[in-house]
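Asks:
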Amino acid sequence: MQLIKTIAVSTALAAASGLAQADETLDAVKAKGFIQCGVSQGLPGFSNPDDQGDWTGLDVDFCRAMAAAVFNDAEAVKFTPLSAKVRFTALTSGEIDVLARNTTWTMSRDSDFGEFVGVNYYDGQGFMVPTSLGVASALELDGAAVCTNTGTTTELNVADYFRANNLNYTVVAFEKADEVVAAYDAGRCDVYTTDRSGLAAQRTKLSKPDDHTVLPEIISKEPLGPLVRHGDSQWADVARWTLNCMINAEEAGITSANAADMASSDDPGIKRILGSDGDLGAKIGLDNAFCAQVVSAVGNYGESYDRNVGPDTPLKLERGVNALWSEGGLLYAAPQR
Ligand SMILES: N[C@@H](CCC(=O)N[C@@H](CS)C(=O)NCC(=O)O)C(=O)O
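Numbering (this note's numbering), first residue to last: 1 to 337.
#1: Less than 7 Å between the CB of Asp59 and some heavy atom of ligand 2, yes or no?
#2: Is the beta carbon of Thr194 closer than 8 Å to that of Thr154?
#3: What's the C-alpha gap between Ala76 and Asn166?
#4: With 16 other CB atoms within 10 Å as the buried threshold, where does Tyr332 fall?
#5: Let me check understanding here. Comparing Cα to Cα, which of Ser326, Ile254 and Gly285 lies closest to Ala304?
#6: State yes or no: is the C-beta of Met66 within less than 8 Å of the C-beta of Ala289?
#7: I need the boundaries of the alpha helix (DSSP H) containing Ala28, first residue and last residue.
#8: Can you give the beta carbon distance from Asp232 to Asp50, rounded, assuming they're within the 8 Å contact cut?
#9: Going by the C-beta, is Asp50 closer than 7 Å to any heavy atom of ligand 1?
#10: Any contact between the segment 148-163 and the segment 217-233? By contact I mean 3 or more CB pairs, one from each, below 8 Å.
#11: Glu115 by DSSP, collapsed to three states: which one?
#12: Using only the heavy atoms of ligand 1, determine whether one of them is closer than 7 Å to the beta carbon of Gly225.
#13: List the endpoints of the continuous alpha helix (DSSP H) containing Asn248.
#14: Helix, strand or coil for Thr313? Go by DSSP, reduced to three states.
#15: What span of residues does the beta strand (DSSP E) with Cys189 cover, start to end?
#16: With distances taken from CA atoms, which of Leu58, Asp27, Phe88 and Gly124 is nearest Leu199?
#17: Closer than 6 Å by C-beta to Tyr301: which residues in its own chain qualify, once you throw out the five before and the five after it? Chain order, please.
#18: Which same chain residues end up closer than 6 Å to Pro314 when comparing Cβ atoms and leaving out the 5 residues on each side of it in sequence?
#19: Keeping to the same chain, check which residues put their C-beta closer than 8 Å to that of Gly18; ignore five residues upstream and five downstream.
#20: Just reading off the alpha helix (DSSP H) that Lys271 is part of, what are its end residues?
#21: Looking only at its chain, what residues have a beta carbon closer than 7 Å to the beta carbon of Met262, apart from the 5 residues adjacent to it on each side?
#22: Taking all protein chains shown into account, do 16 or more other C-beta atoms lie within 10 angstroms of the C-beta of Asn120, making it buried, or fewer, making it exposed?
#23: Tell me whether the beta-carbon of Ala138 lies closer than 8 Å to the beta-carbon of Ala297.
#24: So, is Ile7 buried or exposed, given that buried needs 16 or more other C-beta atoms within 10 angstroms?
#25: Could you give the residue range of the alpha helix (DSSP H) that holds Val60?
#26: Judging by CA-CA distance, which residue of Arg196, Val228, Pro226 and Arg229 is the nearest neighbour of Thr213?
#27: Closer than 6 Å by C-beta to Trp235: which residues in its own chain qualify, once you throw out the five before and the five after it? Chain order, please.
#28: Under 7 Å: does the beta carbon of Asn157 sit that close to some heavy atom of ligand 1?
#29: Hey, would you say Gln293 sits closer than 8 Å to Ala69, going by beta carbons?
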């Protein structure tokens with residue numbers, strides 16, 4: 001009796017606070033008709049509203065890909081802009097269904113806040129300085145004032161790095177990224193430190209982007225990836241296999257332009273990825289053609305990379321370690337079989 005009462009109370013509490021019960025997020029998302037995706041407050045290339053207010057970026061594409069996987073409609077998604085500081089509470093409280101916000105996968109976050117489902121950008125922390133400072137290495141930054149964001153992995157990394165190298169520094173930290181950019185642009189600090197992709201993105205907002213230099217040091221590992229709440233392995237699978245689908249599609253040569261035709265390919269591996277053979281999608285509560293829906297609507301990982309952060313975008317980021325394993329990079333998705 002006592003046990004039944006406890007279960008009833010905890011279920012009611014969980015329902016009231018929007019917390020995930022086992023395997024309930026996919027049903028809840030289907031019932032409301034869209035995915036609520038937590039993103040940044042504006043980071044070009046990753047999650048950024050354009051002039052029309054439409055969200056674009058690598059993380060935004062991942063959210064749209066999930067919507068295409070669940071609804072066959074990449075528009076069935078709403079975006080919640082979040083500062084670094086509040087992002088995890090938004091997930092654990094049930095305000096969002098998934099967090100895709102240039103978020104570093106660390107052990108403490110994986111245990112405290114949610115389940116990371118993979119990596120959509122391998123990064124590392126770097127430093128940017130005004131070229132006029134004449135600094136060529138981070139080891140010359142003794143005594144520097146360092147601008148950064150609160151609520152990020154950045155502060156601990158920079159403390160470790162300066163201590164390890166016996167350098168003094170002062171931190172000038174803000175919650176909003178635009179405040180960091182404005183402070184650095186106004187010369188309130190000597191150095192801007194964050195993920196290197198973040199430096200490439202924020203640089204585009206400076207009054208004179210070409211007057212700044214990114215130093216050669218990479219002081220940390222920042223594997224950036226999406227996460228979902230703990231305790232709902234079906235929803236974690238939906239997120240994980242959406243990401244794997246985009247990476248596997250690139251490896252198999254499946255693109256937004258050819259996905260429909262490739263479904264009738266003779267290649268059994270391609271047929272399994274696209275769902276024209278087997279029942280892989282049904283195993284995680286989706287249509288067997290979920291991956292075909294994703295790639296047709298959003299493209300494969302490489303298409304999304306090139307469109308959002310690649311060499312032909314303002315961020316100008318080479319594929320580097322974010323190339324497929326078969327091209328010498330780190331992207332290695334578990335197979336769809
Ligand atoms: N990857 C790091 C840093 C994430 C982060 O918040 N970076 C800042 C600077 S690039 C940012 O996203 N700013 C955009 C915003 O706050 O909307 C983490 O997960 O803690």
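Virtual Cβ for every residue (Gly too), placed ideally from N, Cα, C.
Nothing here was measured: the structure is a model prediction, and the numbers come from that model.
Replies: Quick answer:
#1: Absent from the structure shown: ligand 2. Ligands present: ligand 1.
#2: Contact: yes.
#3: If you take the alpha carbons of Ala76 and Asn166, they lie about 51 Å apart.
#4: Exposed, by the Cβ-count rule.
#5: Contrary to the premise, residue 304 reads as Ser rather than Ala in this sequence. Out of Ser326, Ile254 and Gly285, Ile254 has the C-alpha closest to the C-alpha of Ser304.
#6: For Met66 and Ala289, no; Cβs fall outside 8 Å.
#7: Start and end: Thr25 to Lys32.
#8: Incorrect: roughly 32 Å between the Cβ atoms, too far for contact.
#9: No, since every heavy atom of ligand 1 falls outside the 7 Å radius drawn around the Cβ of Asp50.
#10: At 8 Å Cβ cutoff, the stretches touch.
#11: Strand, per DSSP.
#12: It does not: the Cβ of Gly225 is nowhere closer than 7 Å to a heavy atom of ligand 1.
#13: Start and end: Ser233 to Ala252.
#14: In the displayed model, Thr313 falls within coil according to three-state DSSP, outside both helix and strand.
#15: Per DSSP, Cys189 belongs to no beta strand (DSSP E) and is neither H nor E.
#16: Ranking Leu58, Asp27, Phe88 and Gly124 by Cα distance to Leu199 puts Gly124 first.
#17: Within the same chain, Tyr301 has close Cβ partners Met246, Ile247 and Glu250.
#18: Non-local beta-carbon contacts of Pro314 in its own chain, meaning distances under 6 Å to residues more than five positions away in sequence, involve Thr204 in chain order.
#19: Here the model assigns Gly18 a pLDDT of 49, short of 50, so the residue's position is not dependable and the matter cannot be decided.
#20: Looking at the DSSP string, the run of the alpha helix (DSSP H) that includes Lys271 is Pro268 to Leu274.
#21: Excluding residues within five positions, the ones whose Cβ falls inside 7 Å are Ile254, Ile270 and Leu274.
#22: Buried, by the Cβ-count rule.
#23: Contact flag unset, no.
#24: Residue placement at Ile7 cannot be trusted, given a pLDDT of 42 that sits under 50; what the coordinates show is reported in the next sentence. Exposed, since its Cβ has fewer than 16 Cβ neighbours within 10 Å.
#25: That run of the alpha helix (DSSP H) goes Leu58 to Phe71.
#26: Answer by Cα proximity: Arg196.
#27: So the list reads Thr25, Leu26 and Val228, once near-sequence residues are dropped.
#28: Answer for Asn157: no, Cβ out of range of ligand 1.
#29: Between Gln293 and Ala69, the gap from beta carbon to beta carbon is short of 8 Å.
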